[in-house]
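Notes for the one structure printed next.
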Amino acid sequence: MQIAANYIRLREEIPDHVTIVVAAKTRSVEDIVEVIDAGATDIGENYVQEAELMRNRLAEKAKAIRWHMIGHLQTNKISRAIEVFDVVQTVDSMKKAAALDRRVERAQKEALSVFIEINIGSEFTKAGIGPDEHEPFEPYMERLVNEMSELSHIRIEGLMTVGPRGGDPESSRPYFKRTRKLFERLAALDPPNVRMLYLSMGMTNSYQIAIEEGANIVRIGTAVFGPRLCN
């Protein structure tokens, strides 16, 4: 029952207004059942096929959970993804937003909640829109959000960033701070079909710093389950 104890400790430590998305990559069904029974309400998966399999194995328990796509979404997996996920946190281009919009319309589903993924550190190994790719960054993002606001089958509801992995958690602070400022600027635009409600930042190594800098969603796996045995 260590998983349950870890989750309960985190939930007591983390402010109530912050949603914990439990990062489930490579975890077993038994692990996920334990954390759900401990009170988890939101589960994040990196891959569409793993989320499909997990939902099928969880059966009725899966229906009480809000499912988040937190890994890179391939265009050829979009049709399957919209059947599995309630939130896609990793939209990183207008092309991908438009593809999601078309598939949701075709499937005659309710509008899908999406976040725009920001590669705030411009790291080559990470997905997301990087500041160094589109300077000045803020005007570029304003144009992108305004373009996305014209899509009627997705709802832009927030930003997501990873920040530097490992090392001193404090090193993440400047990146989270910049993402929060961008979030606030985009929220002030208030275009139709866009509600900047969620700022998803921080993982096991950095969630405390992320919360201090304004995150209201954190994505935590290792602190709940312990180290992964494989990638």
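Its first residue numbered 16, the sequence shown is counted upward by one per residue in this note's numbering. Glycine is no exception: its CB is placed at the ideal position from the N, C-alpha and C atoms.
For residue i and residue j, which I take to be in contact (beta-carbon distance under 8 Å), what is that distance rounded to the nearest angstrom?
i: Val33; j: Ala230; result: 7 Å
i: Val102; j: Arg81; result: 7 Å
i: Ala19; j: Ala74; result: The pair is not a contact, with the Cβ atoms about 20 Å apart (cut-off 8 Å).
i: Val63; j: Val99; result: 6 Å
Flag this pair as yes or no: are the beta carbons of residue i and residue j separated by less than 8 Å?
i: Val209; j: Ile171; result: yes
i: Ser215; j: Phe130; result: yes
i: His87; j: Gly59; result: no
i: Asp116; j: Gly143; result: no
i: Ser94; j: Arg118; result: yes
i: Ile135; j: Tyr190; result: yes
i: Leu197; j: Glu227; result: no
i: Ala39; j: Ile47; result: yes
Determine the burial state of residue i: buried for a count of at least 16 other Cβ atoms within 10 Å of its Cβ, exposed for fewer.
i: Lys78; result: exposed
i: Met163; result: buried
i: Asn7; result: Residue 7 is absent from the model: the chain starts at 16 and stops at 246.
i: Ala112; result: buried
i: Pro242; result: exposed
i: Leu204; result: exposed
i: Thr56; result: exposed
i: Gly173; result: buried
Go to residue i, then tell me how far its alpha helix (DSSP H) extends in each direction, as first and last residue.
i: Leu127; result: Counting along the chain, Leu127 falls outside any alpha helix (DSSP H), though it belongs to the beta strand (DSSP E) covering 127-133.
i: Gln223; result: 222-227
i: Ile46; result: Reading off the sequence shown, one finds Asp at residue 46, where the question assumed Ile. Its alpha helix (DSSP H) spans residues 44-52.
Since residue i is in the beta strand (DSSP E), which residue starts that stretch and which ends it?
i: Ser94; result: Segment 93-99 is the alpha helix (DSSP H) holding Ser94; no beta strand (DSSP E) there.
i: Ala325; result: The structure shown does not extend to residue 325, since the chain is modelled only from 16 through 246, so no value can be given for it.
(request) May I have a chain-ordered list of the beta strand (DSSP E) segments no shorter than 3 residues that lie completely inside the stretch 146-217? (result) Here the runs fully enclosed are 169-176, 209-216.
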